[in-house]
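In what follows, a single structure is set out as structure tokens and then discussed.
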Amino acid sequence: MGRVSDDEQGGEHPTVILCAGGPMLLRGDHVIEDADGVRHRTTRPVSAVCRCGKSSMQPWCDGTHKLIPDKSRP
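The working numbering applies: residue -4 is where the sequence shown begins, and numbers increase by one.
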């Protein structure tokens, strides 16, 4: 992920929670930059970012990680 300026984030840093075997939860104002450099904004108070790489809604989590064997999860 690339760096986003404080102006683009609203001046505050989001709270980051890593869910074991699941997504990264972001709480607060944030912008996600994917591997292609595309920035994704959200107005949701909490968003789930995919860490397994299998979501059909990249960069957002769609729950696909639940279908992956535990050993292969992030």
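Beta carbons are placed, not taken as given, at the ideal position from N, Cα and C, and that holds for glycine.
> What residue from Q53, K49, R39, A30 has the CA that sits closest to L62's CA?
Replying inline: Walking along the sequence shown from the start, residue 62 turns up at place 67. It is K49 whose Cα lies nearest to the Cα of L62.
> Do you know whose CA, among G16, H35, D24, G58, lies nearest H8's CA?
Replying inline: Sequence index remark: in the sequence shown, residue 8 carries index 13 (1-based). If we check each option's Cα against that of H8, D24 comes out closest.
>> Between R39, T38, R22, P54, which has its C-alpha nearest C45's C-alpha?
In response: By one-based count along the sequence shown, residue 45 stands at place 50. The residue with the shortest Cα to Cα distance from C45 is P54.
> Is it right to say I12 is buried, meaning 16 or more other beta carbons lie within 10 angstroms of its own, or is it exposed?
Replying inline: Here residue 12 corresponds to residue number 17 of the sequence shown, with the count starting at 1. With fewer than 16 other Cβ atoms within 10 Å, it is exposed.
> Which runs of the beta strand (DSSP E) fall wholly inside the stretch 1 to 30 and span at least 3 residues, in chain order?
Replying inline: 10 to 13, 19 to 22, 26 to 28
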